[in-house]
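For what it's worth, my numbering labels the leading residue of the sequence shown as 1, then goes sequentially.
What follows is a single structure, written as structure tokens, with notes after it.
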Amino acid sequence: MARFIVFDVDGTLRIPGKPVELGVVEKMHELVERNIHISLVSGKDADYLFGLAEGLGIPDPLVAGENGAVIFRPQQKIELIYPVKRETRINMDFVRNYLTHEFRDGIWFPPNKAGVTAFTKPDLSVQKVYKSAQAFIEEYRLDDLYVLPHWDAVDVMPKGLDKGIFIRYLNELGYRSEEVVAVGDALNDIPMLRAAGHSITFQSSLPEVKGSADIIAESIYEAFGIIGRLIGNGKRKTASK
């Protein structure tokens, strides 16, 4: 029986660039009322995800930013940043400097703790930056790095640091894989979809993503219905007097 749900954010819980719909928030609250643990895992930074989780009404949020490389749980004073080798950091800086020179004012970089994220401004295509970064990595044989495109940014990450890390972290906390449901829609979700005991993606997802999931849903609302069946008859919280 499932008791821990891991959600991607953009493209899963919300349309990229839009707020989370009220109906999705209500479904999240229903999971909380059934004593189900919920985490957000995204390419966004962990601080941002923590604020979003609190806004969604998730109690004691456990989130993972930068594609799982930074795990954040402030109430327990836990921030786990997975280590990156010195040579790999040098290679990431090499790519970052290249992108800065190539695209100048068309991109900007947040202060990441593990990988490198290049956010694109409205007049610059994410795909253009992605293809350029990928070609640069291949040309200079930076085999310890991989590149991920998002709707608004491109990530350059060390190989071995991905969203699958978070599922393994939950295993270390005592949650068996078969108790974990992962929900995601994008290429960076594939490692967590494969690592979780149950995985859900969408008809709109890329073929590679659909091939990595157990269940394909039409929408996030259908996904919530599937989650409800995977949870079974979990007890609801009793009202405090």
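Note that the Cβ used here is the ideal one computed from N, Cα and C, for glycine as well.
DSSP three-state assignment for residue i, whether helix, strand or coil
i: S132; result: helix
i: S205; result: coil
i: A114; result: coil
i: F242; result: Past the boundaries of the shown model lies residue 242; the chain is included only from 1 to 241, so the question cannot be answered.
i: F109; result: coil
i: I200; result: strand
i: I81; result: strand
i: T238; result: Legend: pLDDT at T238 = 34, less than 50; position of this residue unreliable, value from coordinates given subsequently. Note: T238 maps to coil in three-state DSSP.
Enclosing beta strand (DSSP E) for residue i [first to last residue]
i: F94; result: From DSSP, F94 is part of no beta strand (DSSP E) but of the alpha helix (DSSP H) over R86 to F103.
i: I216; result: I215 to A217
Candidates the options: closest to residue i by CA position
i: G164; options: P158, P149, D189 and V147; result: D189
i: S205; options: H37, F166, L148 and G11; result: G11
i: I137; options: L170, D60 and D93; result: D93
i: Y146; options: I38, D123, T117 and D105; result: T117
i: V25; options: R14, P83 and N35; result: R14
i: P111; options: Y98, L230 and Y48; result: Y48
i: Q134; options: M157, F202 and P61; result: M157
i: R141; options: N91, V20 and A223; result: N91
i: F224; options: P16, I81, P19 and H29; result: H29
i: Y98; options: Q75, Y130, D123 and P83; result: Y130
i: F50; options: Y169, F72, I227 and F166; result: F72
i: P74; options: A53, S125, V84 and E21; result: A53
i: G106; options: A153, A2 and K210; result: A153
i: V70; options: P83, P59 and P61; result: P83
i: I220; options: W151, D143, H101 and A182; result: A182
i: P207; options: H198, A195, I227 and D185; result: D185
i: H37; options: I5, V9, A196 and W151; result: I5
i: W151; options: G160, N171, L124 and A196; result: L124
i: G55; options: V20, R96, I200 and K128; result: V20
i: G228; options: V32, P59 and K18; result: V32
Extent of the continuous alpha helix (DSSP H) to which residue i belongs
i: R229; result: I220 to I231
i: I190; result: I190 to A195
Check whether the segment 62 to 73 touches the segment 204 to 220, counting contact only when three or more Cβ pairs, one atom from each stretch, lie closer than 8 Å. Remark: fewer than three beta-carbon pairs, one from each stretch, lie closer than 8 Å, so the segment 62 to 73 and the segment 204 to 220 are not flagged as touching.
Stretch-stretch touch, CB-based, cutoff 8 Å, three pairs: the segment 173 to 182 with the segment 42 to 57: Not touching, per the Cβ criterion.
Residue ranges of each beta strand (DSSP E) within the segment 137 to 188, 3 or longer: Secondary structure in the segment 137 to 188: the beta strand (DSSP E) runs of 3 residues or longer, each lying completely within the stretch, are 145 to 149, 153 to 158 and 180 to 183 in chain order.
Runs of beta strand (DSSP E) lying entirely within the segment 27 to 79, each at least 3 residues, in chain order: Complete beta strand (DSSP E) runs here, min 3: 37 to 41, 62 to 65 and 70 to 73.
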